[in-house]
Every structure is written in C-alpha cells, then in structure tokens.
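Remarks on the structure that follows.
Protein chains: 2
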Amino acid sequence: MIKPLFWEADTLKIVDQTKLPEQYQLIEINDHQEMAEAIKRLSIRGAPAIGIAAAFGLVVGLRQFRDLSKVEFFKKLDAISDILLNTRPTAVNLEWALKRMKQIARENENLNNKKIIKILTKEAQKIHEEDIISCQKIGKNGAEIIPQKAQILTHCNTGGLATGGLGTALGVIITAHKQNKDIKVFVDETRPLLQGARLTMWELEHENIPCTLNTDSMAGYLMAHENIDLVIVGADRITKNGDAANKIGTYSLAVLADYHNIPFYVAAPSSTIDLNLKSGKEIPIEFRSGREISNFRNTQTAPKNCSTISPAFDVTPNKLISEIVTESGFYPEK
Amino acid sequence: MIKPLFWEADTLKIVDQTKLPEQYQLIEINDHQEMAEAIKRLSIRGAPAIGIAAAFGLVVGLRQFRDLSKVEFFKKLDAISDILLNTRPTAVNLEWALKRMKQIARENENLNNKKIIKILTKEAQKIHEEDIISCQKIGKNGAEIIPQKAQILTHCNTGGLATGGLGTALGVIITAHKQNKDIKVFVDETRPLLQGARLTMWELEHENIPCTLNTDSMAGYLMAHENIDLVIVGADRITKNGDAANKIGTYSLAVLADYHNIPFYVAAPSSTIDLNLKSGKEIPIEFRSGREISNFRNTQTAPKNCSTISPAFDVTPNKLISEIVTESGFYPEK
Numbered sequence: 000m001i002k003p004l005f006w007e008a009d010t011l012k013i014v015d016q017t018k019l020p021e022q023y024q025l026i027e028i029n030d031h032q033e034m035a036e037a038i039k040r041l042s043i044r045g046a047p048a049i050g051i052a053a054a055f056g057l058v059v060g061l062r063q064f065r066d067l068s069k070v071e072f073f074k075k076l077d078a079i080s081d082i083l084l085n086t087r088p089t090a091v092n093l094e095w096a097l098k099r100m101k102q103i104a105r106e107n108e109n110l111n112n113k114k115i116i117k118i119l120t121k122e123a124q125k126i127h128e129e130d131i132i133s134c135q136k137i138g139k140n141g142a143e144i145i146p147q148k149a150q151i152l153t154h155c156n157t158g159g160l161a162t163g164g165l166g167t168a169l170g171v172i173i174t175a176h177k178q179n180k181d182i183k184v185f186v187d188e189t190r191p192l193l194q195g196a197r198l199t200m201w202e203l204e205h206e207n208i209p210c211t212l213n214t215d216s217m218a219g220y221l222m223a224h225e226n227i228d229l230v231i232v233g234a235d236r237i238t239k240n241g242d243a244a245n246k247i248g249t250y251s252l253a254v255l256a257d258y259h260n261i262p263f264y265v266a267a268p269s270s271t272i273d274l275n276l277k278s279g280k281e282i283p284i285e286f287r288s289g290r291e292i293s294n295f296r297n298t299q300t301a302p303k304n305c306s307t308i309s310p311a312f313d314v315t316p317n318k319l320i321s322e323i324v325t326e327s328g329f330y331p332e333k
Numbered sequence: 000m001i002k003p004l005f006w007e008a009d010t011l012k013i014v015d016q017t018k019l020p021e022q023y024q025l026i027e028i029n030d031h032q033e034m035a036e037a038i039k040r041l042s043i044r045g046a047p048a049i050g051i052a053a054a055f056g057l058v059v060g061l062r063q064f065r066d067l068s069k070v071e072f073f074k075k076l077d078a079i080s081d082i083l084l085n086t087r088p089t090a091v092n093l094e095w096a097l098k099r100m101k102q103i104a105r106e107n108e109n110l111n112n113k114k115i116i117k118i119l120t121k122e123a124q125k126i127h128e129e130d131i132i133s134c135q136k137i138g139k140n141g142a143e144i145i146p147q148k149a150q151i152l153t154h155c156n157t158g159g160l161a162t163g164g165l166g167t168a169l170g171v172i173i174t175a176h177k178q179n180k181d182i183k184v185f186v187d188e189t190r191p192l193l194q195g196a197r198l199t200m201w202e203l204e205h206e207n208i209p210c211t212l213n214t215d216s217m218a219g220y221l222m223a224h225e226n227i228d229l230v231i232v233g234a235d236r237i238t239k240n241g242d243a244a245n246k247i248g249t250y251s252l253a254v255l256a257d258y259h260n261i262p263f264y265v266a267a268p269s270s271t272i273d274l275n276l277k278s279g280k281e282i283p284i285e286f287r288s289g290r291e292i293s294n295f296r297n298t299q300t301a302p303k304n305c306s307t308i309s310p311a312f313d314v315t316p317n318k319l320i321s322e323i324v325t326e327s328g329f330y331p332e333k
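Keeping their order, the protein sequence lines are chains A and B. Counting in numbering that gives the first Met the number 0, the first sequence runs from 0 upward without gaps. Counting in numbering that gives the first Met the number 0, the second sequence runs from 0 upward without gaps.
This is the structure we're talking about:
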C-alpha cells in the first residue's frame, strides 16, 4: 500500500510528495518545525494525512522536552500544537488530531513526561490505524454507488498519499476496481501544483486502474463528449449542512456536473466534518503564494511580479453534492 | 502596437510566442515549410493571426518557384497552400485566407509569375490591414456592451499577438479601457500552453490595464466571490447557427457563466464565421500531443508514457453565448 509517512523504530519519515512522480524520496522528520515546514510546502498533504502527520509531529517535537518540569512541558505541548495547527487553515483534520492528542496528554498529566510521550506516540499510531480502517469503510460504502461499468472523473489526490490508508475518493475507486467493476478514471491535473498529474496518475498506475490525464479546463468537454458517469472528490472540511471545502476547482466541477446531470460525490472520513460550522461560508480558505501560478519551479511562466489570485480551496454547496460518503454511511443522513 | 508578424523589405519575421514573456525574439521565415512548422509549434497562433501568417507563408514559399512554368507554378501554389492549411484544423481563418490568396492568383494567371507574386504579396498585406481595421471595429462594437465599471474574465490570448491588430476579445477590453472605463481583468492561465499567463498578462501589462492571473480551475470561485461582470473570449470557428469553437476550457467557462447569470460574449472577425457548417458538431477539433500536458518543457510532471487526452478546442453552443461581436455588429442578427 502507498503510504505518506512511516513510523518505525521511533523514527518518523515522510514521502516528499513534491518530488513525485520523478523521484520517490523519504525525508526524516526530527522535530515539529521540520514537520510544520513539510506540511506548509506540501511535502505531505491531503486532509487525513496532515492530521496524522501533525499527531506524529507533536510526538517528535515534544520528546526533546521530556526533561522539562510538568508546567513547562505542557506549555511546550501547547506551543508545538499551535505551530502545527497554523501551517494550513482549511483542513479541519489538523485541528481534530491535535485536539485529540492534547486531550490524551491532559488526561494523563499525572504520569511522568516520558510516559506521556509514550502514550501520545500510541495515540498517533491509533489515529493512523483508525484512518486505515476508515478508508476501507469509505471505500466499501462508496463502491456501492459506483456502477458495474463506470467512467469516473476525479480532482486532486485523495489516495494513499493523502490519507493513512487506501484513500477517500480514490479509495472508493480502488475498492470498486477490486470488486471487478470496469472502471476508467479521468484525472484532472489539478493546477497549480498538479497533484492529479503527479500523484493520482502515479497511484492509479500503481493499482493498474486505467486512467487518462486531462487539464482541469477539459472537464466540460469530457462531460459533454466522453460519457462521464460520475465525479468523485475528497474534502478538506465539511460543515454541518453538508457544504464541502476541497481543492480549488472542485466547485467548478460540481457546477459542470450539475449542468450535465452527472452525479457528484464527496468521500471523506467523519473527522473532516466540522459540526461547529453551520455552512461553507464559515470555512477559512487558504491563499497560497502567487508564485505557484506565475512560475513553474524556477521558470517564469507569466510576467515578473504580476498580480495573481491563489485560493487553494473552494466550497461546494451541498445542493450540488449528490452524496457525501463517510466510513459510517452517508452524511447528512436522509 | 503588439504585432505577431512583420513584413519589411520583402522579409518575413514573426515573434516566437513560445518564448514569451521571458524573451521577445523574432524569427525570420524563409519559406512555407518554416511557416508551417512555426504555426504547428504555436510560435504564431490565434485564429486571425494564423490566417495572415498563412497568406505571407504562401508568398515566401512561392517566390522560390518564380522560374517554373505556369502549370508547375500553379501546382506549387496548391501544394504550398495544402501544407499551410494542414497545420491546424480548427481555425477557419487559415482556410479562408488561403482560399482568397489562391483565387487572386487564378484571377491573374495570365500575368508572369513574378507579377503574380507581387499581387499575392499585396493581397497578404491587404488581409493584414483589413484585420487591423476589423479589430478596431470589433473593439468599438464590443466596447458598447462593456459597463462603465467592469470586472472581466477572459481565457487564452486574443490580443495583438493573436491577430493583425488590436485583438478580438482583448481588443474589446483595450478599447473599453481607452474609453476610460474602469476595467479590471482576470486572466485564465489557459492550460496546457499558458497563453493566458504568458501572453495575455504580458499584453495587458503593456496596455497598463489592471489584470490578475488565475488558474483555469478558479473560474467558478471567481464568479461566486469576485463579482465578475462578464466573460469575453475569442473564437477559432463559428458555425452558421452561432456555435463557437475556441480554446479548450471555453465551454466550461460558458457553463459556469450561465450558472452564475453572468453574460458570456464571443468576439471574432467575420472571417471566423464558417457558413458552410450548420452547427458546432461539424467543427473539426485538433488534438495535440499529450506531452503538452504530461511535461512542462523537459520536466516530467506525470508518470512517463501515461495516457492523456488533449483536445485543443471545445465548442460552446450558441444558447450559452449572450452575443457574438464582429466588425459588422452582432452575429447572428436578431
């Protein structure tokens, strides 16, 4: 199985996803600062994966401070958690995982620091393991709505690299393929950082699932001419009413699917659902550097210092979503 | 004024648009083969511009054969015309310009070859000059429908680089700006070859028109959040019923504009209208190399030899187009 991170012999390593598909390279993460930088530059990304990464990031950060007094140790816990939390604002999984880690620490504050770190390590592993199971269930639930023969359009990367397990939307696709359904996937390249081209195509080829790469701008053409049966994407935060934030371009896709009467599905674990927010209007949207659009690596592809706009996410209103698939069924229940 | 090609002292030079905006480089075109290659690799592109380029390409190709017999000379005329015509199938301007050149040659077949070449040179210049005037009129007609204050979204490049003159859709924007309208332009980068990022941004900055670069996938977000007042694009071929082929992604934009109740305009010269075709279904769509999607120049951005789909154009049905602006008014007349 493709994994975004490895915890082995108390050492944390992540796959540097910015290098894929040209190079598969592991980076060792020695403290929370290194993890925060890795999350910011998208060496590890995907809502469930960064939740897991933050949990392990907290562990590797905190273990430097095991000799501090209890009060200082807990101050560090909060400070490290804040640093990790502030890397990316949109995905709620980061907040969810860190909150859970902090709570476990508090529940065990009477133990010595070393033991607390051990418990936190186990909790991070548990978060990871739960996500593996969650992905399997999302895959199984989602595969039920995939026809026996289906041409599927997807956006961004929602596979093994984006989660702890099989993936969310890609997990559904992989599960349907394993059930011997006749699946063909069209993959939006997903500008500006090409997670579809670089990561999803790589994962689908790894799984031997027929896949074809297209630019994001071809979605309308494909829906009109290539018999797209359904669209399925992941989510970074889902609000109480079922609005879903996901990679920029998802909203355009949902409008196009609606126009062409094509079902539009979202697949995500429950940890992505933020019941504190009533609707998508409340979701904080991350704006990233304009350089991601105006340059390709070190090559200038637009006039120097030109004005850019670079929202990394958009929000799809629930009325454009046919179903939200989670590990425990469909949300909201009808 | 920005120009895609120069005819000076019987020498033909074109701007190598593949190098912009990093480098402004002129290439001398010595025969029709060089012109055909330049059109194929998009060193010169844009429906009106490639019509003009083909006319001059015919001249520089044919003048090598001025000493042939009349019969052989006219055989070469047809052969050169076919080579130029077969470079790109979608834009009708290529066919339109070459047909006109061949007809002028036939009308003067009693003259000697040298004189015919002289007449063809004048005709190519006339096609160029007419396009300059046509752009001015399109600009003037189109500016009438641009509000006093407008945020405009455009796609691909339709300016001085794409035409003989001011441009089509960009000509409308420039004209409105010159009329002191308060214009701000959002520019789709236009994957895969980034004509929006590389060329339109460069032209708009040259004209001092406020402009912001976005990825194509941000169009829905911009329409929902940035008060887009209208979308205006060019066209490569318009059929009798008013369907319009244009750069891939245009159809998606039109659907999005329709969903958001935003007017969607097409600007093009009458030479783009193909009355021989009843509807957009009959327009031949060019498919380009998948390498344009799977690689950025020499950098691999997707798995090696992955499957791709790469239509260079799509067709927007007339029902999604608010108005088609031409040099002589609106098409079809209502």
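Where a beta carbon is used, it is the ideal one built from N, C-alpha and C, also for glycine.
- Are the C-beta atoms of G248 (chain B) and some chain A residue less than 8 angstroms apart? Within the second sequence, residue 248 (chain B) is the residue found at index 249, counting from 1. Judged by the 8 angstroms Cβ criterion, G248 (chain B) is in contact with chain A.
- Item | Same chain, Cβ closer than 7 angstroms to N92 (chain A), neighbours up to 5 away in sequence not counted | What you label residue 92 (chain A) is simply residue 93 of the first sequence in a count that begins at 1. Cβ within range, chain order: A46, P47, I49, G50, S270 and T271.
- Item | Segment contact flag, the region 114–122 of chain A with the region 304–317 of chain A, C-beta cutoff 8 angstroms, min 3 pairs | no
- What do you get for S216 (chain A), buried or exposed, if any count of 16 or more other CB atoms within 10 angstroms of its CB means buried? Within the first sequence, the letter at position 217 stands for residue 216 (chain A). S216 (chain A) comes out buried.
- Query: In the structure shown, what three-state DSSP assignment does I247 (chain A) receive?
  - Reply: Numbered from its first residue, the first sequence carries residue 247 (chain A) at position 248. The answer is coil: DSSP assigns I247 (chain A) none of H, G, I, E or B.
- Partner residues on chain A for Q299 (chain B), Cβ-Cβ distance less than 8 angstroms: Translated into positions along the second sequence, residue 299 (chain B) becomes position 300. Chain A residues near Q299 (chain B): P20 and E21.
- Message: In whole angstroms, give me the CA-to-CA distance for A243 (chain B) and V314 (chain B).
- Response: Position 244 of the second sequence holds residue 243 (chain B). Position 315 of the second sequence holds residue 314 (chain B). Taking the straight line from one Cα to the other gives about 5 angstroms.
- Could you check the C-alpha separation between T120 (chain A) and P302 (chain A) for me, to the nearest Å? Translated into the one-based positions of the first sequence, residue 120 (chain A) becomes position 121. Translated into the one-based positions of the first sequence, residue 302 (chain A) becomes position 303. Each residue's alpha carbon lies about 48 angstroms from the other.
- Taking only beta-carbon positions, decide if C134 (chain B) is within less than 8 angstroms of chain A. Looking up residue 134 (chain B) in the second sequence gives position 135. False, the Cβ-Cβ gap to chain A never drops below 8 angstroms.
- Please list the partners that A223 (chain B) has in chain A, where partner means a Cβ-to-Cβ separation under 8 angstroms. Reading the second sequence from its first residue, position 224 is the one you call residue 223 (chain B). Within chain A, the residues near A223 (chain B) are Y250 and D313.
- Assuming I132 (chain B) contacts A96 (chain B) (C-beta within less than 8 angstroms), just tell me the rounded distance between them. Position 133 of the second sequence, counted from the start, is the residue given in the question as residue 132 (chain B). Position 97 of the second sequence, counted from the start, is the residue given in the question as residue 96 (chain B). The Cβ separation is near 16 angstroms, so there is no contact.
- Ranges of the beta strand (DSSP E) found wholly within the region 75–160 of chain A, counting only runs of at least 3: 148–153
- Message: Between which two residues does the beta strand (DSSP E) holding T315 (chain A) run?
- Response: Taking the first residue of the first sequence as position 1, residue 315 (chain A) is located at position 316. Per DSSP, T315 (chain A) belongs to the beta strand (DSSP E) from F312 to T315.
- Residue-level contact to chain A via CB, Y264 (chain B), 8 angstroms cutoff: Indexing the second sequence from 1 puts residue 264 (chain B) at position 265. Closer than 8 angstroms: no.
- Please check if any C-beta of chain B sits within less than 8 angstroms of the C-beta of R190 (chain A). Within the first sequence, numbered from 1, the residue matching residue 190 (chain A) stands at position 191. Taking Cβ atoms only, chain B reaches closer than 8 angstroms to R190 (chain A), which makes this a yes.
- Message: Comparing C-alpha positions only, which one of A:R190, A:I145, A:P191 and A:L192 sits nearest to L169 (chain A)?
- Response: In the first sequence, counting from the first residue as 1, residue 169 (chain A) sits at position 170. Ranking the options by Cα distance to L169 (chain A), first place goes to A:I145.
- Message: Output needed for W6 (chain A): all residues of its chain with C-beta closer than 7 angstroms, excluding positions within five of it in sequence on either side, in chain order.
- Response: Here residue 6 (chain A) corresponds to residue number 7 of the first sequence, with the count starting at 1. Only F55 and Q124 meet the Cβ criterion.
- Would you mind working out which of A:V265, A:K139, A:V171 and A:C134 sits nearest K318 (chain A), comparing C-alpha positions? As a working mapping, residue 318 (chain A) is identified with position 319 in the first sequence. For K318 (chain A), the nearest C-alpha among the options comes from A:V265.
- Message: So, under 8 angstroms CB-CB, Y250 (chain A) and A223 (chain B) are touching, yes? Tell me the CB distance rounded to an integer number of Å.
- Response: Counting from one through the first sequence, the residue named residue 250 (chain A) turns up at place 251. Counting from one through the second sequence, the residue named residue 223 (chain B) turns up at place 224. With 8 angstroms as the limit, Y250 (chain A) and A223 (chain B) qualify as a contact, their Cβ atoms being about 7 angstroms apart.
- Using a cut-off of 8 angstroms between C-beta atoms, extract the partners of R197 (chain A) located in chain B. In the first sequence, residue 197 (chain A) corresponds to position 198, counting from 1. Result: T300 and A301.
- Query: From the beta carbon of N240 (chain B), is the nearest beta carbon of chain A less than 8 angstroms away?
  - Reply: Sequence index remark: in the second sequence, residue 240 (chain B) carries index 241 (1-based). False, the Cβ-Cβ gap to chain A never drops below 8 angstroms.
- Message: Excluding the 5 residues flanking P209 (chain A) on each side, which residues of the same chain have their C-beta closer than 6 angstroms to its C-beta?
- Response: Within the first sequence, the letter at position 210 stands for residue 209 (chain A). So the list reads K183, once near-sequence residues are dropped.
- Do the region 11–19 of chain B and the region 34–46 of chain B make contact, defined as three or more Cβ pairs closer than 8 angstroms? yes
- M34 (chain A), buried or exposed, once every other Cβ within 10 Å from all chains shown has been counted against 16: For the purposes of this step, residue 34 (chain A) is taken as residue 35 along the first sequence, with counting starting at 1. It is buried - the Cβ of M34 (chain A) has at least 16 other Cβ atoms within 10 Å.
- Query: Looking at the unbroken beta strand (DSSP E) that takes in K183 (chain A), where does it start and where does it end?
  - Reply: Sequence index remark: in the first sequence, residue 183 (chain A) carries index 184 (1-based). Looking at the DSSP string, the run of the beta strand (DSSP E) that includes K183 (chain A) is D181 to D187.
- Please list the residues of the region 209–220 of chain B that have a C-beta atom closer than 7 angstroms to any C-beta atom in chain A, keeping them in chain order. C210, T211, L212, N213, T214, D215, S216, M217, A218, G219 and Y220
- Kindly indicate if chain B contains any beta-carbon less than 8 angstroms away from that of Y258 (chain A). Position 259 of the first sequence, counted from the start, is the residue given in the question as residue 258 (chain A). For Y258 (chain A), the answer is yes, since a Cβ of chain B falls inside 8 angstroms of its Cβ.
- Message: Rounding to the nearest angstrom, what Cα-Cα distance links V186 (chain A) and F73 (chain A) in this structure?
- Response: Against the first sequence, residue 186 (chain A) aligns to sequence position 187. Against the first sequence, residue 73 (chain A) aligns to sequence position 74. Taking the straight line from one Cα to the other gives about 45 angstroms.
- Message: Would I227 (chain B) pass as an interface residue toward chain A - the criterion being a Cβ-Cβ separation below 8 angstroms?
- Response: By one-based count along the second sequence, residue 227 (chain B) stands at place 228. Not one chain A Cβ lies under 8 angstroms of I227 (chain B).
- Query: Are R290 (chain B) and A90 (chain B) touching if we call contact CB-CB under 8 angstroms?
  - Reply: Against the second sequence, residue 290 (chain B) aligns to sequence position 291. Against the second sequence, residue 90 (chain B) aligns to sequence position 91. It is not a contact, given that the beta carbons lie outside the stated cut-off.
- Task: Over the uninterrupted beta strand (DSSP E) stretch that includes K12 (chain A), give me the two end residues.
- Result: Counting from one through the first sequence, the residue named residue 12 (chain A) turns up at place 13. T10 to V14 is the span of the beta strand (DSSP E), which, as asked, contains K12 (chain A).
- Using a C-beta to C-beta distance shorter than 8 angstroms, which residues of chain A count as neighbours of I308 (chain B)? Taking the first residue of the second sequence as 1, we reach residue 308 (chain B) at position 309. Simply F185, T211, L212, N213, M217, L221 and E225.
- Query: Hey, quick one: how far does the alpha helix (DSSP H) through E266 (chain A) stretch, first residue to last?
  - Reply: Locating residue 266 (chain A) in the first sequence gives position 267, counting from the first residue. A quick correction: the sequence has Ala, not Glu, at residue 266 (chain A). That residue, A266 (chain A), is in no alpha helix (DSSP H); its beta strand (DSSP E) goes F263 to A266.
- chain A residues whose Cβ lies nearer than 7 angstroms to that of F286 (chain B): To locate residue 286 (chain B), count along the second sequence from 1; it is residue 287. The premise fails here: F286 (chain B) is roughly 11 angstroms from chain A at the closest Cβ pair, so nothing lies under 7 angstroms.
- Among A:I247, A:T10, A:S68 and A:A218, which residue has its Cα nearest to the Cα of I292 (chain A)? Numbered from its first residue, the first sequence carries residue 292 (chain A) at position 293. Measuring from the Cα of I292 (chain A), the nearest candidate turns out to be A:I247.
- Relative to the alpha-carbon of S68 (chain A), which residue among A:E122, A:R44 and A:N109 has its alpha-carbon at the smallest distance? Here residue 68 (chain A) corresponds to residue number 69 of the first sequence, with the count starting at 1. Cα-wise, what sits closest to S68 (chain A) is A:N109.
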